[in-house]
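Notes for the one structure printed next.
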Amino acid sequence: MVLSFSSNCRIEEVAASCDAIRFYQLYVFKKRAVSATLVRRAESNGFKAIVLTVDNPMLGRRERDIRNKMVAPAKPNLEGLISLENLDTTDGSQLVKYVRDTMDPSLSWKDVEWLKSITSLPILLKGILTAEDARKAVEAGVAGVIVSNHGGRQLDYAPATISVLEEVY
Numbered sequence: 000m001v002l003s004f005s006s007n008c009r010i011e012e013v014a015a016s017c018d019a020i021r022f023y024q025l026y027v028f029k030k031r032a033v034s035a036t037l038v039r040r041a042e043s044n045g046f047k048a049i050v051l052t053v054d055n056p057m058l059g060r061r062e063r064d065i066r067n068k069m070v071a072p073a074k075p076n077l078e079g080l081i082s083l084e085n086l087d088t089t090d091g092s093q094l095v096k097y098v099r100d101t102m103d104p105s106l107s108w109k110d111v112e113w114l115k116s117i118t119s120l121p122i123l124l125k126g127i128l129t130a131e132d133a134r135k136a137v138e139a140g141v142a143g144v145i146v147s148n149h150g151g152r153q154l155d156y157a158p159a160t161i162s163v164l165e166e167v168y
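Per numbering that gives the first Met the number 0, residue 0 is the first one in the sequence shown, and the count goes up by one each step.
Next comes the structure, spelled out in structure tokens:
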């Protein structure tokens with residue numbers, strides 16, 4: 000199973016709940032120490048790989064969330080690392096402000112190298128959509144790729160996952 004960084008359950012709770020093979024899904028935060036802390040917690044709790052999400056450079060424009068001033072749900076894995084309390088929602092979605100303030104949209108292959116330098120766990124890249132990126136991932140030394148367009152809900156122009164499988168394979 001792949002545990003999302005934004006899960007309602009802490010890494011430690013999931014690890015204690017069963018003997019399943021567990022991978023941890025990670026975003027690269029602007030504050031690299033946040034990502035590094037999450038990786039260390041996954042390692043120390045027996046997770047077998049890190050799944051680095053690369054298909055979500057920015058949050059899609061979710062009109063309903065803006066109109067309803069959506070509040071970012073609690074993220075127990077980030078407690079003590081990032082605060083959601085001071086995010087202003089007067090102009091729209093708190094989730095948009097959270098992503099903009101905390102996530103690093105400038106991911107590059109250097110970030111894969113950085114992640115490899117802080118963990119001995121295998122790294123999978125989630126969000127690969129081209130054969131070229133799959134080749135680069137292999138050259139960067141990742142253990143595997145997950146073909147994904149983040150459910151098609153973040154970037155309008157992303158191709159459907161099914162339409163790129165043959166190319167990536």
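Just so you know, even glycine gets a beta-carbon here, dropped at the ideal spot from N, CA and C. Remember, it's a predicted structure, so these values are computed and weren't measured experimentally.
Distance, Cα to Cα, residue i vs residue j?
i, j, result
"residue 138", "residue 167", "15 angstroms"
"residue 108", "residue 143", "15 angstroms"
"residue 52", "residue 124", "6 angstroms"
"residue 16", "residue 47", "15 angstroms"
"residue 102", "residue 39", "19 angstroms"
"residue 96", "residue 26", "16 angstroms"
"residue 115", "residue 134", "17 angstroms"
"residue 105", "residue 99", "12 angstroms"
"residue 2", "residue 44", "12 angstroms"
"residue 35", "residue 127", "22 angstroms"
"residue 37", "residue 162", "33 angstroms"
"residue 8", "residue 132", "32 angstroms"
"residue 110", "residue 140", "12 angstroms"
First and last residue of the alpha helix (DSSP H) that includes residue i?
i, result
"residue 20", "No alpha helix (DSSP H) holds residue 20; DSSP gives it neither H nor E."
"residue 5", "Per DSSP, residue 5 belongs to no alpha helix (DSSP H) and is neither H nor E."
Taking the DSSP output, what are the residues bridged to residue i?
i, result
"residue 51", "25, 124"
"residue 102", "28"
Quick one: what does DSSP say residue i is sitting in, helix, strand or coil?
i, result
"residue 37", "helix"
"residue 107", "coil"
Any beta strand (DSSP E) of 3 or more consecutive residues that is wholly inside the stretch 111 to 166
Entirely contained in the stretch 111 to 166, the beta strand (DSSP E) runs reaching 3 residues are, in chain order, 122 to 127, 143 to 146.
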